[in-house]
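Everything on this sheet refers to the single structure shown next.
Chains as they are written, first to last, in the numbering used here: chain V, 1 to 370; chain W, 1001 to 1370.
Dropping the structure here:
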């Protein structure tokens, strides 16, 4: 299915938000949506998807007249796919907010179609609902979650953060190509350095999947593949795009988050013990570091490869995370990432890179043994 | 091959150290070895493996009479397996320090046999050399690197940190069993909580390899399996042993190290900008946190499952890291970890857990469909 989007996109956008998903749902999500109203351009709409009475009561309490406000639509969904539910429940709980929201992201929704579907709920359920109801872009084999990580040297994109724990080399290769497009279009990087996560930087290391992915990335014209990156490089600014499987990507991001949290706790505890007076002096410094590296500000990771924008927000999203995610997701659509992904993957499909790599491998195997 | 070790071990130990391996080799390694002489018990010996002239000159400079000191032996090895070399070079560079050191760890070395073989060099080469020359313990399918991580809630053991990037479920299962033994014998934890790293805590998540590993760990009597752990749990003290594949384990550890480093840099930069006077006030606090969580003090990760003690030290080991690694590795041997691993795996082999799990799976598949 071709998107035929103009790039960049300038028409008004419809943004569906799953009000029921997330650790602090529905309150934090509703509050974030209300704050996001101020960021909308003329004609843009927020579509609140979830339990109607909860949504209506909350909007009334905030003094918002949802009946007349042209920026607001409400779509009732009685059920909730809980955080611990199996993903396949999106087929069973047909009146859940995740199911309804992603159906709104489908071309079948016609005039009701939303350009963005945002949820801070069950990630696996969102991935399944997006794949089922919204479908994939042309040429895409599997979608992958692309997280923009606010590292200290500047943002980088990690793909995949957990959609696909057991990818094939071709999936990882496409992740690299898609995130390269996103880094160009959204982060404005001219020739993004694309690295492949591995156990070490030497060519001989890693699994067969990693080595085959390396060969595909290396053989891709117009892609600035810089080789393997290790965990220690991740926060050192050596790459703009880091490709890895969903298990490694997910673990890395969550461990880094846990590590930072623990470290700040340890610092606070040490300061208290050493000199409680220092705690108050140190506080503004911590706040500034948080502000610069805050995932709440970089909220909303697109599931790249989906026909539309399925945006996954952190489970522990607060109101400001949701507001930022709505802003970032609209920017993602406006920068025309999807049409460029289709163009690029189509161009590469014509070159048949996997076949080229296979033939090159056979030739070198037939070559003279030294 | 059975070790027939007494447990715990009280006889004098012979410790072979690869003098040429590591980012700061040979100087830091030599300095660490010299410092470690003070920690030896009567009869213990340090065997310096590497370029003879370099070792002899360095010991002389430090005023150590290696010719008469009964604690010191020198084994000449002219070659070096470099950090970037393919692991298989341990077969080609037969006069390399890694090859010679691990040959000293073999039972074939007879009276020359070393109880510990320690290297801060090429990890993959050490894994290959240990497997080739020292061999596996009875019942062990694949060895795995067990790193003791000095987390803020107390130490925990991560296995595997990079020996086996593409393990089978049975390998991961044995990693859990072996690290459980190590947590009991070395960390003194009575019933270690054993977790399996996954993308989420829900049972339905993860790859087939992870799910099969879970079934094996669950079915293991006497093992306190607590379920899946996520990256965010890692530094939160929820488990004493965390089992994962070598790619995830390696990436997690290196990323956490990189993250901590970047964070301290960011704190220093913010302090400088905000109030340079605070930098000096904050310095002792940082030093105390470093001291408590310092991997240099927890240096030396055993390659569990090897017949003997192959101890892998951090590539960036300093002298104090090496000294600590020597101390920790002697403790590892003295606590009789290997004989307990063989006993435990033998006991479990008699129960044929993989077959039990397979049968239980078939029965439940045949069960009534609800």
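Cβ atoms here follow ideal geometry from the backbone N, Cα and C, with glycine treated the same way.
Does residue 1242 (chain W) have its Cβ less than 8 Å from a Cβ in chain V? For residue 1242 (chain W), the answer is no, since every Cβ of chain V falls outside 8 Å of its Cβ.
Compare the beta carbon distance of residue 1260 (chain W) and residue 289 (chain V) with 8 Å and say whether it is the shorter of the two. In this structure, residue 289 (chain V) does not lie closer than 8 Å to residue 1260 (chain W) by Cβ.
Chain W contact residues for residue 131 (chain V), given Cβ-Cβ distances below 8 Å: Per Cβ cutoff of 8 Å: no residues; residue 131 (chain V) is ~16 Å from chain W at best.
State yes or no: is the C-beta of residue 1127 (chain W) within less than 8 Å of the C-beta of residue 1303 (chain W)? The answer is yes: Cβ separation under 8 Å.
Please list, in chain order, all residues of the same chain as residue 183 (chain V) whose beta carbon is under 6 Å from its beta carbon, the five residues on each side excluded. Once the five neighbours on either side are set aside, the close Cβ partners of residue 183 (chain V) are 157, 189, 192, 240, 241.
From which residue to which residue does the alpha helix (DSSP H) around residue 99 (chain V) run? Where residue 99 (chain V) is concerned, the enclosing alpha helix (DSSP H) stretches over 97 to 104.
Is residue 1251 (chain W) close to chain V, meaning its C-beta is less than 8 Å from at least one C-beta of that chain? Put simply, the CB of residue 1251 (chain W) is near chain V, with a gap under 8 Å to one of its CB atoms.
Look up residue 1225 (chain W) in the DSSP assignment and say whether it is helix, strand or coil. DSSP places residue 1225 (chain W) within a strand segment (E or B) once states are collapsed to three.
Measure the Cβ-Cβ separation of residue 311 (chain V) and residue 325 (chain V) and say whether it is below 8 Å. Yes; because the gap between Cβ atoms is below 8 Å, this pair is in contact.
Got a sec? Which residues, its chain only, sit under 6 Å from residue 1033 (chain W) by beta carbon, not counting five neighbours each side? Closer than 6 Å at the Cβ level, and outside the excluded window around residue 1033 (chain W), lie 1017, 1046.
Cutting at 6 Å between CB atoms, please list the residues of its own chain near residue 1083 (chain W), excluding the five before and the five after it. Contacts found: 1122.
When Cβ atoms are compared, which residues of the stretch 1145 to 1158 of chain W fall closer than 9 Å to chain V? Within the stretch 1145 to 1158 of chain W, the residues whose Cβ lies closer than 9 Å to some Cβ of chain V are 1151, 1152, 1153, listed in chain order.
Apart from the five residues just before and just after residue 1207 (chain W), which ones in its own chain have a Cβ nearer than 8 Å to its Cβ? Contacts found: none.
DSSP state of residue 288 (chain V), grouped into three classes? In the structure shown, residue 288 (chain V) falls within a helical segment according to DSSP collapsed to helix, strand and coil.
Under 8 Å, with one C-beta from each stretch per pair, do the stretch 1194 to 1203 of chain W and the stretch 1274 to 1286 of chain W reach the 3-pair mark? The stretch 1194 to 1203 of chain W vs the stretch 1274 to 1286 of chain W: no contact.
Does the contact criterion of 3 or more C-beta pairs under 8 Å hold for the stretch 337 to 353 of chain V versus the stretch 51 to 65 of chain V? In short, these stretches do not touch, since the Cβ pair count stays below three.
For my contact list, residue 90 (chain V) and residue 118 (chain V) are in at a C-beta cut-off of 8 Å; report their separation, rounded to the angstrom. Not a contact, Cβ separation roughly 16 Å.
Going by beta-carbon coordinates alone, are residue 253 (chain V) and residue 124 (chain V) separated by less than 8 Å? It is not a contact, given that the beta carbons lie outside the stated cut-off.
Count the other CB atoms, across all protein chains shown, that sit within 10 Å of the CB of residue 1164 (chain W); report buried if there are 16 or more and exposed otherwise. Residue 1164 (chain W) counts as buried, since no fewer than 16 other beta carbons sit within 10 angstroms of its beta carbon.
Based on Cα-Cα distance, which residue from W:1220, W:1243, W:1279, W:1319 lies nearest to residue 1350 (chain W)? Residue 1350 (chain W) has its Cα closest to that of W:1220, out of W:1220, W:1243, W:1279, W:1319.
Smallest Cα separation from residue 1050 (chain W): which of W:1019, W:1030, W:1072, W:1071? It is W:1019 whose Cα lies nearest to the Cα of residue 1050 (chain W).
Touching or not, the stretch 268 to 282 of chain V and the stretch 1228 to 1237 of chain W, by the rule of three or more beta carbon pairs under 8 Å? Judged by Cβ distances under 8 Å, the stretch 268 to 282 of chain V makes no contact with the stretch 1228 to 1237 of chain W, as fewer than three pairs qualify.
Any idea what DSSP makes of residue 957 (chain W), helix, strand or coil? In the structure displayed, chain W extends from 1001 to 1370; residue 957 (chain W) sits before or after that span and is not available.
Between which two residues does the alpha helix (DSSP H) holding residue 1124 (chain W) run? Start and end: 1123 to 1129.
Using a Cβ cut-off of 8 Å (strictly closer), state whether residue 211 (chain V) contacts chain W. No, its Cβ sits nowhere closer than 8 Å to a Cβ of chain W.
What is the rounded straight-line gap between the Cα of residue 1328 (chain W) and the Cα of residue 1337 (chain W)? Distance from the CA of residue 1328 (chain W) to the CA of residue 1337 (chain W), rounded to the nearest whole angstrom, comes to 13 Å.
Under a Cβ-count criterion, where at least 16 other Cβ atoms within 10 Å of its own Cβ denotes burial, should residue 377 (chain V) be classed as buried or exposed? With chain V covering only 1 through 370, there is no way to say anything about residue 377 (chain V).
Collapsed DSSP secondary structure at residue 359 (chain V) in the structure displayed: Assigned with DSSP and collapsed to three states, residue 359 (chain V) falls in helix.
As a quick exercise: from W:1088, W:1236, W:1355, pick the residue whose alpha carbon is nearest that of residue 1154 (chain W). Restricting attention to W:1088, W:1236, W:1355, the CA atom closest to the CA of residue 1154 (chain W) is found in W:1236.
Taking 8 Å as the CB-CB limit, is residue 1259 (chain W) close to chain V? Residue 1259 (chain W) counts as touching chain V.
Determine, using beta carbons only, whether residue 1142 (chain W) and residue 1167 (chain W) come nearer to each other than 8 Å. In contact: residue 1142 (chain W) and residue 1167 (chain W) (Cβ atoms closer than 8 Å).
Reduced DSSP category for residue 27 (chain V) - H, G, I as helix; E, B as strand; rest coil: Looking at residue 27 (chain V) - three-state DSSP - the assignment turns out to be helix.
Own chain partners of residue 1300 (chain W) with C-beta closer than 6 Å, once the 5 adjacent residues on each side are dropped: 1311, 1313, 1325, 1328, 1329.
Is residue 1040 (chain W) helix, strand or coil by DSSP? Under the three-state reduction of DSSP output, residue 1040 (chain W) falls in the coil class, being neither helix nor strand.
Give me the residue from V:28, V:74, V:114 with the minimum Cα distance to residue 12 (chain V). Ranking V:28, V:74, V:114 by Cα distance to residue 12 (chain V) puts V:114 first.
Taking the beta strand (DSSP E) that residue 76 (chain V) falls in, what are its first and last residues? Its beta strand (DSSP E) spans residues 72 to 76.
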